[in-house]
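**Student:** What follows is a structure written as structure tokens; I'll ask about it next.
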Amino acid sequence: MNINSFIIWYTLPTKSETKKIKNNMSMYLCKYIYNHINEANAYYFNYNIYIDIYVFSYFYFLILFVFFIFIRFRIISADFFLAPPLAIYFLKQYIFFLKYYIFFF
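Here the sequence shown stands for residues 530 to 634, numbered as in the numbering used here.
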């Protein structure tokens with residue numbers, strides 16, 4: 530087993546952990562939906578900023594996925610992602626969201 534596969538194996542969550550993560554995610558989504566449907570209560574309801582981060586990171590990854598599809602079918606050039614400021618931006622985003630997904634729960 531090489532070091533990369535060991536790291537992947539070691540960081541994989543167990544069955545009970547995945548269950549916990551799934552429950553937490555659905556709880557946050559429910560809170561978020563509750564908050565934004567009931568706009569009268571939303572101002573007074575003191576909710577976690579991480580709910581927004583979780584919900585909007587989904588759309589961020591969706592947009593990124595669309596970009597990769599565009600690159601695969603030569604709709605845009607892959608050089609688009611090689612611009613240094615853009616590369617740094619995407620790297621920062623990935624590090625932030627990965628930290629959140631792995632360590633928050």
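Cβ coordinates follow ideal geometry from the N, Cα and C atoms, glycine included.
Which class does Arg603 belong to by DSSP, given the choice of helix, strand or coil?
**Tutor:** In the sequence shown, counting from the first residue as 1, residue 603 sits at position 74. Arg603: coil per DSSP, three-state reduction.
**Student:** When the distance is taken between beta carbons, is Ile592 closer than 8 Å to Phe599?
**Tutor:** Indexing the sequence shown from 1 puts residue 599 at position 70. Indexing the sequence shown from 1 puts residue 592 at position 63. Against a cut-off of 8 Å, the Cβ pair of Ile592 and Phe599 comes out as no contact.
**Student:** Express the C-alpha separation of Lys621 and Phe602 in angstroms, rounding to a whole number.
**Tutor:** Along the sequence shown, one-based indexing puts residue 602 at 73. Along the sequence shown, one-based indexing puts residue 621 at 92. One C-alpha to the other measures close to 26 Å.
**Student:** Rounded to whole angstroms, what is the Cα-Cα separation between Phe626 and Asn531?
**Tutor:** On the sequence shown, position 97 is the one that residue 626 refers to. On the sequence shown, position 2 is the one that residue 531 refers to. If I take the Cα positions, the gap works out to 26 Å.
**Student:** For Ile624, tell me which candidate among Phe590, Phe596 and Phe597 has the shortest Cα-Cα distance.
**Tutor:** What you label residue 624 is simply residue 95 of the sequence shown in a count that begins at 1. Per the Cα distances, Phe590.
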